[in-house]
Amino acid sequence: MLLSCLSLLFGCTEDLSSPGEVKNLRILAIRANSPMLAVGQRTELDALVVDVAGADISLSWEVCPFTRGSSEDFACDYPDGTPASLKAELSGSGDTFAFVYSDALAGYVQSVCSQSVELSDLLPEGITLSNCSPGVDMEVRLVARSSAGEERIATKSLTLLPPITKPGPPIQLNHNPRIASLDFEGGESVSSEAKLVRCDIDAAFIETTHSNPKATPKEEFTEIAWYARDATLKRERSAYQTDYLEPDEAMQNRITPTGEHPTVWCVIVDGRGGVDWAEMAF
Numbered sequence: 004m005l006l007s008c009l010s011l012l013f014g015c016t017e018d019l020s021s022p023g024e025v026k027n028l029r030i031l032a033i034r035a036n037s038p039m040l041a042v043g044q045r046t047e048l049d050a051l052v053v054d055v056a057g058a059d060i061s062l063s064w065e066v067c068p069f070t071r072g073s074s075e076d077f078a079c080d081y082p083d084g085t086p087a088s089l090k091a092e093l094s095g096s097g098d099t100f101a102f103v104y105s106d107a108l109a110g111y112v113q114s115v116c117s118q119s120v121e122l123s124d125l126l127p128e129g130i131t132l133s134n135c136s137p138g139v140d141m142e143v144r145l146v147a148r149s150s151a152g153e154e155r156i157a158t159k160s161l162t163l164l165p166p167i168t169k170p171g172p173p174i175q176l177n178h179n180p181r182i183a184s185l186d187f188e189g190g191e192s193v194s195s196e197a198k199l200v201r202c203d204i205d206a207a208f209i210e211t212t213h214s215n216p217k218a219t220p221k222e223e224f225t226e227i228a229w230y231a232r233d234a235t236l237k238r239e240r241s242a243y244q245t246d247y248l249e250p251d252e253a254m255q256n257r258i259t260p261t262g263e264h265p266t267v268w269c270v271i272v273d274g275r276g277g278v279d280w281a282e283m284a285f
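Here it is as structure tokens:
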């Protein structure tokens, strides 16, 4: 499922009449190599950030227990008494950001899950608490700034599983889907104008999941988002699941160049926050 305002794919602070059109600084996707973590595990985040002007871009990262709404730029909120040392662990800068689910955070997650009803009553209006199924979602807030003065903000959820306190069935961790290739259908363009392009999803990386251990596992839906520079798209969104949609229907798009540097990006998102992307210029 795509996040509210498709913030996983582009900054919600933007006013976008056509989400698939790239003509300035954009955050198109945020990816964690492990989007669901058990205590002690580490994940590394990166992002697909594009600036058609070619300006230098700096990235600032922050992992937030709570975030405010889009009108407040998804500002981070921390529980009272959060040590400064822990806040420092939850922030960084650079093209990538490494995050470790530490014992200190495990205590916070356990507290949230055991006192969710009481804690919900104490939160400011507009801030909601995770229901702890399967874990607590923490928002990664990314700020991209260009040397030309533009700024974009986007968020992505990381799921932190509570510490294991009693025996039970293992929780199925989520992994990222994979794009096998992004290319012209048949390996070449269909004409000098419109291009038939295929974003081929690797079936080996499509996971099955279930709502509870007794339920029949189901294949995850994969959302496909298309973006283009100096080109128009036949469509900007599609979805794929083996049992319901034909691959050609979901994975193909017709793209018409309109400028000097036609470029297309394909971003795929699975139902539990896994992400992958590919880029092709032509």
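For the sequence shown, the working numbering begins at 4 and goes up steadily by one. Quick reminder that beta carbons are idealized off the backbone N, C-alpha and C, glycines included.
Where the beta strand (DSSP E) through residue i begins and ends
i	result
Lys198	Lys198 to Ile204
Val55	Careful: Val55 lies outside any beta strand (DSSP E) and carries neither H nor E.
Cys269	Thr266 to Asp273
Tyr243	Arg240 to Tyr243
Backbone secondary structure at residue i - three-state DSSP
i	result
Lys90	helix
Phe100	strand
Ala231	strand
Phe208	helix
Glu252	helix
Ser61	strand
Ser21	coil
Ser150	coil
Ser2	One cannot answer for residue 2 here, as it falls past the ends of the chain, which runs 4 to 285.
Glu282	strand
Glu75	helix
Pro166	coil
Glu188	helix
Gly276	coil
Glu263	coil
Leu28	coil
Gly84	coil
Leu176	coil
Gly43	coil
Lys221	strand
Val193	With a pLDDT of only 48 at Val193, under 50, the local geometry of the prediction cannot be trusted, and no value is derived from it.
Arg181	coil
Lys159	strand
Inter-residue CB distance, residue i and residue j (contact presumed, cutoff 8 Å)
i	j	result
Glu282	Thr266	7 Å
Tyr104	Leu163	6 Å
Cys67	Met141	6 Å
Val139	Val112	5 Å
Leu31	Tyr230	6 Å
Ile60	Leu48	The pair is not a contact, with the Cβ atoms about 15 Å apart (cut-off 8 Å).
Asp98	Leu51	In fact, because the Cβ distance is near 11 Å, the residues do not count as touching under 8 Å.
Minimum C-alpha distance to residue i - residue among the options
i	options	result
Gly43	Lys221, Pro166 and Gly97	Pro166
Thr70	Ser61, Tyr81 and Ser63	Tyr81
Asn36	Arg45, Glu252 and Glu263	Arg45
Ser94	Gly84, Trp229, Ala78 and Asp83	Ala78
Asp273	Asp59, Leu236, Ser21 and Ile209	Ile209
Asp279	Lys198, Gly262 and Ala183	Ala183
Phe102	Tyr243, Lys198, Met39 and Ile156	Met39
Ala109	Cys135, Gly97, Thr261 and Thr99	Cys135
Arg257	Arg238, Cys269, Val270 and His264	Arg238
Asp186	Cys269, Gly57, Ala228 and Glu196	Cys269
Ala197	Asp83, Val25, Thr261 and Leu48	Thr261
Phe100	Val200, Glu222, Pro180 and Val143	Val143
Gly152	Thr85, Asn27, Ala284 and Glu92	Asn27
Glu92	Trp64, Val53 and Gly84	Trp64
Bounding residues of the alpha helix (DSSP H) (the contiguous stretch that carries residue i)
i	result
Ser136	Element bounds for Ser136: n/a, residue is neither H nor E.
Tyr111	Asp106 to Ser117
is_contact[residue i, chain D] using C-beta, thresh 8 Å
i	result
Tyr81	Considering every chain present, this structure includes no chain D. It has just one protein chain.
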